[in-house]
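Number of protein chains: 2
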Amino acid sequence: MAGTDTTGLEQMICFELHAASRAMTSLYRPALEALGLTYPQYLALRVIWHRGRLTVRDLGAALRLDSGTLSPLLKRLEHQGLIHRQRGTDDERTVWISPTPAGAALEHRVADLPHRLACALDLTIEEFTQLHHLLTRIRGAAATASTI
Amino acid sequence: MAGTDTTGLEQMICFELHAASRAMTSLYRPALEALGLTYPQYLALRVIWHRGRLTVRDLGAALRLDSGTLSPLLKRLEHQGLIHRQRGTDDERTVWISPTPAGAALEHRVADLPHRLACALDLTIEEFTQLHHLLTRIRGAAATASTI
DNA sequence: GCCACTTCAGTTGTGCACAACTCAATCGCG
DNA sequence: CGCGATTGAGTTGTGCACAACTGAAGTGGC
């Protein structure tokens, strides 16, 4: 790749990635708004549903977000009665997160979202796989390079 | 695609897209920070450099951003002395944007960023093309569907 | 046991994204 | 021409992302 003129593509990729991410969020917004959720809250809940009970630290590792972002987000989810937060007893630095019954019940109400999204995007399984592969590569490169 | 179980892939895609977009921003951040720019400001400047002189409306159309986002961003670029803003004379609703000499000079200082990004990502031309195609599809689907 | 070091969650401040809104300028129909 | 509808930029308020920081809790070397 070095030595090749990629200026045109880079321009498109860096912008298109940004735009596609926002477009995806817009696709979800109406459905999530009906449940009183934002897109990042939905992503956090998916991890919480999957894991059942985890620390803020582990949620941050899964979502690649720090406590500066998660603390206020989790405070809002707790305020909505969707999750439970409680200090660890053995290690009082950690905070354990778990869904409340109301929070757990919400999982059923978003159960069809993945399918509806897949239909809306209208990509083949191969395209999904390709996309996933490429996005993972970008995240891997960012983690490795740390800067350009 | 309808009727296929895509739950697993969707989960990954919706999160991976979000994470990859943030990772890309992180890759650029150190280089842009040295110039006093944020990533959205950089994207806006690319359009401004390319077009030379355009209205806030046209910049918003190019970036898919509304005046609510652009007005404060452009105010900061103007305050840094990188762009010029002036009301149109024939139509006083419009505001024309153009780079100042300092703003135009900045283009040379980011000239190698695309190449450095391409090297860091280490994708082939085919992969870049694939990625661009898939991201465009997502944006297109979002524009068409408007909701899922 | 003591103390420097690290870890974890939370806070503060800045900037972006977006909805909802304001307000002036312009347009277009009758 | 007159006036309602539309357009363009800006403002306000909410939430997310992230850097930089705080402070309490735990850890390890001595």
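Protein chains in written order, with this note's numbering: chain L, -6 to 141; chain S, -6 to 141. Don't be surprised by glycine CBs; every beta carbon is placed ideally from N, CA and C.
- In the DSSP assignment, residue 91 of chain S forms a beta bridge with S:77.
- With a threshold of 8 Å between beta carbons, residue 125 of chain L makes contact with chain S.
- Considering only beta carbons, the part of the stretch 87 to 109 of chain S lying closer than 8 Å to chain L consists of 106, 107, 108 and 109, in chain order.
- Residue 20 of chain S carries a helical assignment under DSSP once its states are collapsed to helix, strand and coil.
- Counting the other CB atoms within 10 Å of its CB gives residue 118 of chain S a total below 16, which places it among the exposed residues.
- Going by DSSP, residue 40 of chain S is part of the alpha helix (DSSP H) stretching over 32 to 44.
- With a cut-off of 8 Å on Cβ pairs, the stretch 102 to 121 of chain S is not in contact with the stretch 61 to 73 of chain S, counting fewer than three such pairs.
- Looking from the CA of residue 61 of chain L, the closest CA among L:71, L:49 and L:55 belongs to L:49.
- Proximity of residue 129 of chain L to chain S, defined by a Cβ-Cβ separation below 8 Å, is satisfied.
- Residue-level contact by beta carbon fails for residue 119 of chain S and chain L, as no gap is shorter than 8 Å.
- In this structure, residue 114 of chain S lies away from residue 41 of chain L, with their beta-carbon atoms at least 8 Å apart.
- A distance of 8 Å or more separates the beta carbons of residue 28 of chain S and residue 8 of chain L.
- Restricting attention to L:140, L:135 and L:141, the CA atom closest to the CA of residue 14 of chain S is found in L:135.
- Contacts with chain L at 8 Å (Cβ-Cβ) include residue 115 of chain S.
- Distance from residue 127 of chain S to residue 71 of chain L at the Cβ level is roughly 37 Å; contact not present, criterion being Cβ atoms closer than 8 Å.
- Not flagged as an interface residue toward chain S: residue 31 of chain L, since no C-beta distance is shorter than 8 Å.
- Nearest C-alpha to residue 141 of chain L among S:3, S:21, S:5 and S:33: S:21.
- Under the three-state reduction of DSSP, residue 110 of chain L is assigned to helix.
- Put simply, the CB of residue 41 of chain S is far from chain L, with every gap to its CB atoms at 8 Å or more.
- For the options L:129, L:86, L:11 and L:33, the alpha carbon positioned closest to that of residue 33 of chain S is the one of L:11.
- Pairing residue 102 of chain S with residue 76 of chain L, the inter-Cα distance amounts to about 48 Å.
- Each residue's CA atom was taken as its position, placing residue 18 of chain L and residue 93 of chain S some 35 Å apart.
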